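The numbering used here applies: residue 2 is where the sequence shown begins, and numbers increase by one. Single-structure report; data block below.
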Amino acid sequence: MSSLTVGGRTIGTVRGDITRVRADALVNAANEALAGGGGVDGAIHRAGGPAIMADLVARYGRNRRCPTGQAVLSIAGDLPADWVVHAVGPVWFGGRSGEPSLLASAYRSAFRVAGDAGARTVAAAAISTGIFGYPLAEAATVAVAAALEQFAGPTTIDRIDFVLFSEESLEAFDHALLRARRA
Numbered sequence: 002m003s004s005l006t007v008g009g010r011t012i013g014t015v016r017g018d019i020t021r022v023r024a025d026a027l028v029n030a031a032n033e034a035l036a037g038g039g040g041v042d043g044a045i046h047r048a049g050g051p052a053i054m055a056d057l058v059a060r061y062g063r064n065r066r067c068p069t070g071q072a073v074l075s076i077a078g079d080l081p082a083d084w085v086v087h088a089v090g091p092v093w094f095g096g097r098s099g100e101p102s103l104l105a106s107a108y109r110s111a112f113r114v115a116g117d118a119g120a121r122t123v124a125a126a127a128i129s130t131g132i133f134g135y136p137l138a139e140a141a142t143v144a145v146a147a148a149l150e151q152f153a154g155p156t157t158i159d160r161i162d163f164v165l166f167s168e169e170s171l172e173a174f175d176h177a178l179l180r181a182r183r184a
């Protein structure tokens, strides 16, 4: 676990289960259908209960979709947060299909949505690194850069923690923070 403080705001890493982390907003690694699939997305929907899906349907309709690179907001249901920000990252196709810009857009959109909701603390998953196959080191670099970009302008957010389930993910994000600190 490491952290980087920029202008009084902190980017950190935490190894753990995002469904148990207390934050104003949780950033979920969602799918375009906002359907509560597997991995982090399924865990968030299971732990948050049916209120999350009911809120998504109420806000965005039964045929709701969120394009890759974008994010939408819902209540957090039974999670220890006020909001869930559902961010849709890209599937990895070798990096030649615009994946880095789409992943950066997903994080930027998620942080903007969280900030617009008034979040001061954000816990973010490693978007696209599970079933979508995005390589951890590259994803971590993009995620940290997006967090730094969020802190470069006006925002309500004081802290962004990347909550990582595996030791391998934690190491990748810790290395990305270390590289950002040296830059």
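Ideal Cβ positions, reconstructed from N, Cα and C, are used throughout, including at glycine. Please read these numbers as outputs of a predicted model, since none were measured by experiment.
* Since Ala141 is in the beta strand (DSSP E), which residue starts that stretch and which ends it? -> No beta strand (DSSP E) holds Ala141; the alpha helix (DSSP H) holding it covers Leu137 to Ala153.
* Cα-Cα separation between Ile19 and Arg97, rounded to whole angstroms -> 30 Å
* Just the Cα atoms here: how many angstroms apart are Glu150 and Pro81? -> 26 Å
* **Limits of the unbroken alpha helix (DSSP H) element including Arg47** => Gly40 to Gly49
* Asked: So, are the CB atoms of Val22 and Ala124 less than 7 Å apart?
  -> yes
* **Where Phe163 falls: helix, strand or coil (DSSP)** => strand
* Quickly, what does DSSP pair His87 with across the bridge? List them, please. => Asn29 and Val73
* Do the segment 97-111 and the segment 3-16 meet, that is, are 3 or more Cβ pairs less than 8 Å apart? -> no
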